[in-house]
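Chemist: This is the structure, below, for whatever I ask next.
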Amino acid sequence: MVLSAWIREQRGALGWSQGRLADAVGASQPLVSLWERGKAEPAPEVLARLKKVLGGAPVAPKKVSEPKTVAGAGKGRRAKAPPTPSPAALKAVQAEENRALEKRLWSAADELRANSNLNAPQYSAPVLGLIFLKHADHRFTLAQVELAAKGTGRRAPGKLDYQAQGVLYLPEEARFSQLLKLAEGKDLGGAINEAMKAIERENEDLRGVLPQKYNRLENATLFALLKNFNSIPVNVEGDAFGKIYEYFLGKFAMSEGRKGGEFFTPTALVKLIVEVIEPYHGRIFDPACGSGGMFVQSARFVENHRANPSAEIMVYGEERVVETIRLCTMNLAVHGLSGEILQGNTYYEDRHEAVGKFDFVMANQPFNVDKVDKDRIKSNTARFPFGMPAADNANYLWIQLFYSSLAEKGRAGFVMANSASDARGSELEIRKKLLQAGAVDVMIAVGPNFFYTVTLPCTLWFLDRGKAATPRQGQVLFVDARHLFRQLDRAHRDFAPEQIEHIAGIVRAYRGASVMPPTEMVETPRRGVSTDGQYLDVPGLCKVATLAEIEAQGWSLNPGRYVGVAEQRPTSSTSSSAWRS
65 MVLSAWIREQ RGALGWSQGR LADAVGASQP LVSLWERGKA EPAPEVLARL
115 KKVLGGAPVA PKKVSEPKTV AGAGKGRRAK APPTPSPAAL KAVQAEENRA
165 LEKRLWSAAD ELRANSNLNA PQYSAPVLGL IFLKHADHRF TLAQVELAAK
215 GTGRRAPGKL DYQAQGVLYL PEEARFSQLL KLAEGKDLGG AINEAMKAIE
265 RENEDLRGVL PQKYNRLENA TLFALLKNFN SIPVNVEGDA FGKIYEYFLG
315 KFAMSEGRKG GEFFTPTALV KLIVEVIEPY HGRIFDPACG SGGMFVQSAR
365 FVENHRANPS AEIMVYGEER VVETIRLCTM NLAVHGLSGE ILQGNTYYED
415 RHEAVGKFDF VMANQPFNVD KVDKDRIKSN TARFPFGMPA ADNANYLWIQ
465 LFYSSLAEKG RAGFVMANSA SDARGSELEI RKKLLQAGAV DVMIAVGPNF
515 FYTVTLPCTL WFLDRGKAAT PRQGQVLFVD ARHLFRQLDR AHRDFAPEQI
565 EHIAGIVRAY RGASVMPPTE MVETPRRGVS TDGQYLDVPG LCKVATLAEI
615 EAQGWSLNPG RYVGVAEQRP TSSTSSSAWR S
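Numbering (my numbering), first residue to last: 65 to 645.
If you want it as structure tokens, here you go:
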């Protein structure tokens, strides 16, 4: 019996689904499907688990002297072996598997919350802490196997051995398996609290970070959560734990409404900011860092360009809320990152002595904050070089903080309320000085419903202190992306990956990089990139304006004032289109 038929028939005899078999052997349902269709074969170690789980073994076909022929084929032609899936196909299968896993884990965890007496804010930190613990346990287990294989048997690997491999050291009482062994009648909340304390004792960087209020949750709920997260396959690949953590952060932010917006920026906006400022190498600063999404996406950008984030970037953050710093530190840890995240009120405290220090600044700071005590900061002309705005609104304080934190050739990207682009009075004067300093590089208008907390549209601002020595001196690129989006549900939108690439491609072409338009996009002239990869102004989409043109518009930075109206827009609403009407 050939391997594919053996897997299919043995699974059927057990009455198992492909998903159940996948869980049993640490694989994925799409991969099991490929095995059963003869499109792929399990790795030797997975095949060994299959034999143990399914019983027996596939029988190798008998050798024959004549080559096997195929009906309809020429005489003597051998049957073709099933094709090996391409790396791209396997990557797509893995991505689909991870998305299904995220949804399944969230669905189970959310159902438990619905049947508890906790609200979303009370529930989120303990759940995210358990994802962190499972991630730490997973990496510890892999290191344990590797160290055992390298060891001589004379001594057991110790704490320093694990830390040398970049792995958190877990004492026995903090192991996920030990917690699962506890009977449901035991004080499971107390045991998890002790596990978190033990991890903090052994790992100084996590001191005071991990949640330790698990006794708020009922034993039955905690036990079910442990079993839920223990179902993450042992052979999970890549940044799966980090993506699970991000997925849960986003879901909790949506559940918590306005408070959720304080710690989570929609991933699509973060990805676009990262793709535009291109943080290949250097020091990255987020003065309102929330849960650290800007850092995570910067690291992923570096990885996508075949480099090691730990060697290429250093991350620095400031955050006012202690609980949010904890979320950020755990988020960095599950992505294999570390950074210097300090508590402080950024208006008044420069915890990182940021003036002129950073290669990249990214932020989604609070919009339209009032009652900032400007008397405390007005003398600090290094941080606020263009003066104090008269309006009781902190938007132009933040903009100056981003500008002043940049090194000589630094770039910044941040989210800003639309009203700041056209603000009058003293804010207009600050904006004029910023433009005359040559720092404003790109302005991108984003449509409504991208945030979980408000329905209002926003604008992405991009500064570049190094553009003065480029042909872009005295110019600003305006992009109106309000008609680019993917509808997630009735109340929420984001950007599809090809839409992010579309916008970032326009910016790269404007900067002089050669950009070849993907063939699956709408026709090239409408994209803002010519057939040979050069930038093009496109009515209704993008326009490069000079300082003289901006001055004629009253120093406005509203993209709608410059790009005009499109001659014609496609009406297709398919997700593969770059436009959505």
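Don't be surprised by glycine CBs; every beta carbon is placed ideally from N, CA and C. Because the structure is a prediction, the values reported are computed rather than measured.
Can you name the start and end residues of the beta strand (DSSP E) that M452 belongs to?
Modeler: Segment: none, M452 is in no beta strand (DSSP E) and carries neither H nor E.
Chemist: Using C-beta distances below 8 Å, list every residue in its chain close to K127, excluding the 5 sequence neighbours before and after it, in chain order.
Modeler: Below a pLDDT of 50, predicted positions are generally treated as unreliable, and K127, at 45, falls in that range; the measurement from the model is reported next regardless. Cβ neighbours of K127 beyond the five flanking positions: none.
Chemist: With 16 other CB atoms within 10 Å as the buried threshold, where does H199 fall?
Modeler: Around the CB of H199, 16 or more other CB atoms lie within 10 Å, so the residue is classed as buried.
Chemist: Nearest-angstrom Cα distance between G324 and A363?
Modeler: Reliability fails at G324, whose pLDDT of 47 lies under 50, so the model's placement of it is uncertain and the value that follows must be treated cautiously. C-alpha separation (whole angstroms): 23 Å.
Chemist: Would you call the region 547-559 in contact with the region 614-623, where contact means no fewer than 3 C-beta pairs closer than 8 Å?
Modeler: no
Chemist: Closest by CA to V110, which one among L85, Q598 and V334?
Modeler: Ranked by how close their Cα comes to the Cα of V110, the residues L85, Q598 and V334 have L85 in first place.
Chemist: Considering only the alpha carbon of each residue, which of W80, V419 and N622 lies closest to A481?
Modeler: N622
Chemist: Check each candidate in L336, G354, L401 and E236 and name the one with the smallest Cα separation from G381.
Modeler: Selected option, being the one with the closest Cα: G354.
Chemist: From the DSSP output, in three-state form, read off V360 for me.
Modeler: helix
Chemist: Judging by CA-CA distance, which residue of F196, V66 and L520 is the nearest neighbour of L391?
Modeler: F196
Chemist: When DSSP labels each residue in this structure, what does Y311 get in the three-state scheme?
Modeler: The answer is helix: DSSP assigns Y311 an H, G or I state.
Chemist: Run through DSSP, which three-state label would K261 get?
Modeler: For K261, the secondary structure class from DSSP, reduced to helix, strand or coil, is helix.
Chemist: If we require 3 or more residues per run, which beta strand (DSSP E) segments fall completely within the region 467-498?
Modeler: 470-481
Chemist: Buried or exposed: which applies to T285, given that a residue is buried once 16 or more other Cβ atoms fall within 10 Å of its Cβ?
Modeler: buried
Chemist: Output needed for V231: all residues of its chain with C-beta closer than 7 Å, excluding positions within five of it in sequence on either side, in chain order.
Modeler: Same-chain partners within the cutoff: R203, F204 and A207.
Chemist: Checking 8 Å against the spacing of the C-beta atoms, do V398 and F305 come in under that value?
Modeler: In this structure, V398 places its C-beta atom within 8 Å of the C-beta atom of F305.
Chemist: Within 10 angstroms of its Cβ, does Y412 collect 16 or more other Cβ (buried), or is it exposed?
Modeler: That one is exposed.
Chemist: I'd like to check one pair, G569 with R546: are the Cβ atoms closer than 8 Å?
Modeler: no
Chemist: Excluding the five sequence neighbours on either side, which residues of its own chain have a C-beta within less than 6 Å of the C-beta of R347, listed in chain order?
Modeler: Hits under 6 Å: M378, F422 and D423.
Chemist: Per DSSP, what kind of secondary structure is C392 in: helix, strand or coil?
Modeler: helix
Chemist: Rounded to a whole number of angstroms, what is the C-alpha to C-alpha distance between A255 and A455?
Modeler: 52 Å
Chemist: Using the three-state DSSP reduction, which class does Q429 fall into: helix, strand or coil?
Modeler: coil
Chemist: Would you say N395 and Y309 are within 8 Å of each other, going by their C-beta atoms?
Modeler: Their beta carbons are under 8 Å apart, which means N395 touches Y309 by this criterion.
Chemist: Consult DSSP for K277 and reduce its assignment to one of helix, strand or coil.
Modeler: coil
Chemist: Measuring CB atoms only, is the region 445-453 touching the region 399-410, in the sense that at least three cross pairs come out at less than 8 Å?
Modeler: no
Chemist: How is Q269 classed by DSSP in three states: helix, strand or coil?
Modeler: Gln is not the amino acid found at residue 269; the sequence shown has Asp there. Helix.
Chemist: DSSP state of A609, grouped into three classes?
Modeler: strand
Chemist: What is the rounded straight-line gap between the Cα of E282 and the Cα of L176?
Modeler: 10 Å
Chemist: In chain order, what residues of the same chain have a beta carbon less than 7 Å from the beta carbon of A173, not counting five sequence neighbours either side?
Modeler: V191, L289 and N292
Chemist: How is I441 classed by DSSP in three states: helix, strand or coil?
Modeler: coil
Chemist: I'd like to check one pair, A352 with N428: are the Cβ atoms closer than 8 Å?
Modeler: yes
Chemist: Helix, strand or coil: which one does DSSP assign to G193?
Modeler: The DSSP-derived three-state label of G193 is helix.
Chemist: Who does A542 pair with in a DSSP beta bridge?
Modeler: Note on residue identity: the sequence assigns Phe, not Ala, to residue 542. DSSP lists M507 and K607 as partners of F542.
Chemist: Might you give, ordered along the chain, the residues of its own chain that have their beta carbon closer than 6 Å to the beta carbon of F526, omitting 5 neighbours on each side?
Modeler: The beta carbon of F526 sits closer than 6 Å to the beta carbons of V340, G477, D505 and V506 from its chain, once the five residues preceding and following it are set aside; these are given in chain order.
Chemist: Please state if the CB of A503 and the CB of Y467 are separated by a distance shorter than 8 Å.
Modeler: yes
Chemist: Find the nearest neighbour of V438 within the set G215, R488, W462 and E383, judged by alpha-carbon distance.
Modeler: This sequence places Lys at residue 438; Val is not what is there. The candidate whose alpha carbon is nearest that of K438 is W462.
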